[in-house]
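All letters in the sequence shown, in the order written, are residues 0 to 234 by numbering that gives the first Met the number 0. Beta carbons are placed, not taken as given, at the ideal position from N, Cα and C, and that holds for glycine.
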Amino acid sequence: MTRDGLLIDCNGVCVQRLTAAGIAFEDLGHIFLTHEHIDHIAALPNFIHQSWVKGCLYRADNRRTHPLHFYGNAPTLRAVRALLDAVNLPGHPHMFPFEFHELDDNGGTLTAGSITLTYFPVNHGPTPCFGLTTDGPNRRLVFSADTEPVQAIYDHLRDGDILIHDCNKIDVDINREHTTWAQIEALLPSWPDVTVYLVHLPLMDGEAEVHFKRGISMKHKQKIVVSMEGITILL
């Protein structure tokens, strides 16, 4: 059920992407927020407003009453509360409840709906940030979040797993507080046989993206996927 599902971060055209994927976002019960930066939480007001419109305002006989759970560190939850209060979302009539779960800065394990996560601190400079991992029946998904390379991410990897990795620059060797393609390329030989999805990529025109993908396919045996737009992964 959608109410048992989990959204990780909320930015951009989140509502449109979930709708296109056939997900009844208005019933979603859980959101994990990796950190407080605006490009990871900015779409929350619209997401919640649209959830209220579809799940409460237009469903007078069957309004959503189950809570929306937020999971994050203390500064992230403060930022979320401020965003929601700025447009008085808690004051909307028949608004479903919000529940905030402050996470341990040192990491831990939580169960959100039907999903159990292990979360751990990564290195996003002065901003506390969590990477995370979750196990499916056949393989594990590991998400680096925004970070410089840290061993805590790679310690979770096994053959056949999925690694979703920050790749903020493709034309420099090092980018403070993020990971570059040069750093990922240097680390590839030390990882198990995993499929790597590159996210948080810089904007590229069509020619640059084709050139980048071609270079990857020519040099590396591992399966490396540039961008995750519209992709479904089964664990």
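Just to confirm before moving on: does the CB-CB distance between Val121 and Thr132 stay below 7 Å?
As a first step, residue 121 is located in the sequence shown; it is residue number 122 there, counting from the start. As a first step, residue 132 is located in the sequence shown; it is residue number 133 there, counting from the start. Result no, Cβ atoms of Val121 and Thr132 do not sit closer than 7 Å.
Output the boundary residues of the alpha helix (DSSP H) element that contains Asp84.
If you number the sequence shown from 1, residue 84 lands on position 85. First-last of the alpha helix (DSSP H) with Asp84: Ala73 to Ala85.
Considering only the alpha carbon of each residue, which of Ala23, Gly112, Thr33 and Thr178 lies closest to Leu5?
On the sequence shown, position 6 is the one that residue 5 refers to. Nearest C-alpha to Leu5: Gly112.
6 Å CB neighbourhood of Ala151 in its chain, flanking five on each side removed:
Within the sequence shown, the letter at position 152 stands for residue 151. Correct list, in chain order: Phe119.
Where the alpha helix (DSSP H) containing Ala111 begins and where it ends:
Start at 1 with the first residue of the sequence shown, and residue 111 comes out as number 112. It is not in any alpha helix (DSSP H) - Ala111 instead sits in the beta strand (DSSP E) that spans Gly107 to Ala111.
So, at 7 Å on beta carbons, what are the nonlocal neighbours of Trp190 in its own chain, with the 5 sequence-adjacent residues on each side left out?
Indexing the sequence shown from 1 puts residue 190 at position 191. So the qualifying residues of the chain are Tyr153 and Leu156.
Would you list the residues sitting across from Lys168 in a DSSP beta bridge?
For the purposes of this step, residue 168 is taken as the residue at position 169 of the sequence shown. Lys168 pairs with Thr179.
Nearest neighbour of Thr179, chosen from Ser143, Arg62 and Gly205 [CA to CA]
On the sequence shown, position 180 is the one that residue 179 refers to. Looking at the Cα atoms, Ser143 is the closest of the given residues.
Roughly how many angstroms lie between the CA atoms of Tyr196 and Pro89, to the nearest whole one?
Locating residue 196 in the sequence shown gives position 197, counting from the first residue. Locating residue 89 in the sequence shown gives position 90, counting from the first residue. Straight-line Cα distance between these residues: approximately 36 Å.
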